[in-house]
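The numbering of the sequence shown is my numbering, which starts it at -17 and goes up by one.
Written below as structure tokens is the structure these notes are about.
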Amino acid sequence: MDPVTHGLSSYALSRACFPRAPRLAVAAIVLVGTLADLDYLSSLFGPTAFLAAHRTFTHSLAGTLLIAALVAGIYVLLGRRFEAKLVSASTILIATLLAAALHVALDLCQSEGVALFWPFRDRRYAADWIAGIDPWILGILLAATLFPALFGLITEEIGARSKKSRGRRGAILGLGLIVLYLGIRMTLHASAVATLSARTYAGESARRAAAFPKPASPFEWLGLVETERAFHELPVNVVPGAIFDPEAGITIFKPESSPMLEAASGTEAAERFLRSARFPKATVERTDTGYRVEFRELAVPNEANIGRRVEAIVELDSAAKVVSQKLSWDERERQVWFR
């Protein structure tokens, strides 16, 4: 999820649950709600660092607890220098824990994957319900935070001061609408996956199926189906009465088993990549000096993703012996599916 959405959701959380929190406490809550996205800075150190750091430590349960406790501790120790009235240590700890957990929960609803149990398990979890930037969630949060503030300014201008905490009802309503929206997305996603799994593709049954969100419409999804010999990319519309054509997509055939593919798959670069990939696709190409094997991620299309992509590249000689291996940025723009 984009940092703006995370910041607004954390602010709405502070207004809903801690309506009388002083400004410094609100700032601490918003900071915790966005701090996990500092893992994007790992891209400055190259694809290897990015693959290791992105959505691992800062998005894990252990990292979430540590970030919340760290910010709460700084607030308690240094807050008096900036603000006379502070909330209690237990209150700020609960608030920062909620904000950090909300960040991870929203990212779990997306498609990039979160290593929730890092460093004990490398597996990444992704619900595939919402895109990296969801205009509906962003719109709800903007309305929930800006309208109450604007209304408060208007009432103050006409002299009608309210003793109630400004913005609490709007924040509660906004967060409630987001929960409802996520529930609708979850139901429609399950319907899309069921539609994909129930069909055959070029005479083959689906081994795995995933449906990735389109930001604009909760009824339109980007399907990815794996069969024995290929991957199939195709659109899915879950509007009642919509027709689904399993032959309407793009077929990407898997490479045949070969010594080159086996040797490349055993390299350190490939193993690192494959540990985080959901739908990895290998390509074997002949070169002047031997072979080139590339491993790319088919899951998480551009419309659902705001992060960078990493691929593994292995060069082999004519005898299928590894000459070089590396993790690299996947700069090739994939076709944006079926707009």
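For glycine and all other residues, C-beta sits at the position ideal for the given N, C-alpha and C.
Just so you know, these numbers come straight off a predicted model, no measurement behind them.
What do you reckon, are the CB atoms on residue 111 and residue 164 nearer than 8 Å?
In the sequence shown, residue 111 corresponds to position 129, counting from 1. In the sequence shown, residue 164 corresponds to position 182, counting from 1. Closer than 8 Å, so yes.
Element boundaries [alpha helix (DSSP H), containing residue -15]:
If you number the sequence shown from 1, residue -15 lands on position 3. Here the alpha helix (DSSP H) through residue -15 covers -15 to -1.
Report the residue from 313, 303 and 282 whose alpha carbon sits nearest the alpha carbon of residue 294.
In the sequence shown, counting from the first residue as 1, residue 294 sits at position 312. Here the closest residue by C-alpha is 313.
How many Å lie between residue 239 and residue 94 at the Cα?
Sequence index remark: in the sequence shown, residue 239 carries index 257 (1-based). Sequence index remark: in the sequence shown, residue 94 carries index 112 (1-based). Distance between the alpha carbons of residue 239 and residue 94: 28 Å.
When the Cα atoms are used, what is the spatial distance from residue 273 to residue 184?
Here residue 273 refers to the residue found at position 291 of the sequence shown. Here residue 184 refers to the residue found at position 202 of the sequence shown. One C-alpha to the other measures close to 30 Å.
Spatial distance of residue -2 from residue 250 (CA atoms)
One-based indexing of the sequence shown puts residue -2 at position 16. One-based indexing of the sequence shown puts residue 250 at position 268. Cα-Cα distance, rounded: 48 Å.
Near residue 124, what residues of its chain come up, given a Cβ to Cβ distance below 8 Å and the 5 sequence neighbours on each side ignored?
By 1-based counting over the sequence shown, the position of residue 124 is 142. Answer for residue 124: -10, listed in chain order.
At a cut of 8 Å, does the region 155 to 164 reach the region 178 to 195 through at least three beta carbon pairs?
no
Measuring alpha carbon to alpha carbon, tell me which of 42, 15, 211 and 246 ends up nearest residue 100.
Residue mapping note: residue 100 aligns to position 118 of the sequence shown, counting from 1. Residue 42 is the option with its Cα nearest to residue 100.
How about the region 3 to 22 and the region 112 to 122: do they share at least three Cβ pairs that are nearer than 8 Å?
no
Using a Cβ-Cβ cut-off of 6 Å (strictly less than) and excluding sequence neighbours within five positions of residue 320, which residues of its own chain qualify?
The count along the sequence shown starts at 1 and reaches residue 320 at position 338. Confidence at residue 320 is low in this model, with a pLDDT of 33, below 50, so the placement of that residue should be treated as unreliable; the coordinate-derived value is given next. Contacts found: 217.
To test your reading of the DSSP string, which unbroken alpha helix (DSSP H) runs of 4 or more residues are found completely within the region 38 to 101?
43 to 60 and 71 to 90
According to DSSP, simplified to helix, strand and coil, what is residue 5?
Taking the first residue of the sequence shown as 1, we reach residue 5 at position 23. The answer is helix: DSSP assigns residue 5 an H, G or I state.
Use the C-beta contact count for residue 167: other C-beta atoms within 10 angstroms, 16 or more gives buried, fewer gives exposed.
Numbered from its first residue, the sequence shown carries residue 167 at position 185. Buried.
What's the C-alpha gap between residue 33 and residue 308?
In the sequence shown, counting from the first residue as 1, residue 33 sits at position 51. In the sequence shown, counting from the first residue as 1, residue 308 sits at position 326. In a straight line, the C-alpha of residue 33 is about 12 Å away from that of residue 308.
Boundaries of the beta strand (DSSP E) in which residue 113 is found, first to last residue
Sequence index remark: in the sequence shown, residue 113 carries index 131 (1-based). Where residue 113 is concerned, there is no enclosing beta strand (DSSP E), given that its DSSP letter is neither H nor E.
Starting from residue 233, trace the beta strand (DSSP E) both ways and give me its first and last residue.
On the sequence shown, position 251 is the one that residue 233 refers to. Where residue 233 is concerned, the enclosing beta strand (DSSP E) stretches over 232 to 235.
6 Å CB neighbourhood of residue 65 in its chain, flanking five on each side removed:
The sequence position of residue 65 within the sequence shown is 83, counting from 1. Taken in chain order, the residues that qualify are 4 and 6.
Pick from 202, 235 and 229: whose alpha carbon is nearest that of residue 221?
By one-based count along the sequence shown, residue 221 stands at place 239. Comparing Cα positions, the closest option is 202.
Taking the alpha-carbon positions, what's the residue -7 to residue 126 distance?
In the sequence shown, residue -7 corresponds to position 11, counting from 1. In the sequence shown, residue 126 corresponds to position 144, counting from 1. If you take the alpha carbons of residue -7 and residue 126, they lie about 10 Å apart.
Just to confirm before moving on: does the CB-CB distance between residue 14 and residue 53 stay below 8 Å?
Sequence index remark: in the sequence shown, residue 14 carries index 32 (1-based). Sequence index remark: in the sequence shown, residue 53 carries index 71 (1-based). Contact: yes.
How many angstroms separate the CA atom of residue 255 from the CA atom of residue 231?
What you label residue 255 is simply residue 273 of the sequence shown in a count that begins at 1. What you label residue 231 is simply residue 249 of the sequence shown in a count that begins at 1. Rounded to the nearest angstrom, the two C-alpha atoms are 26 Å apart.
For residue 1 and residue 79, what's the separation of their Cα atoms in angstroms?
By 1-based counting over the sequence shown, the position of residue 1 is 19. By 1-based counting over the sequence shown, the position of residue 79 is 97. Rounded to whole angstroms, residue 1 to residue 79 spans 17 Å at the Cα level.
Using the three-state DSSP reduction, which class does residue 36 fall into: helix, strand or coil?
In the sequence shown, the residue the question calls residue 36 occupies position 54. Coil at residue 36, not helix or strand.
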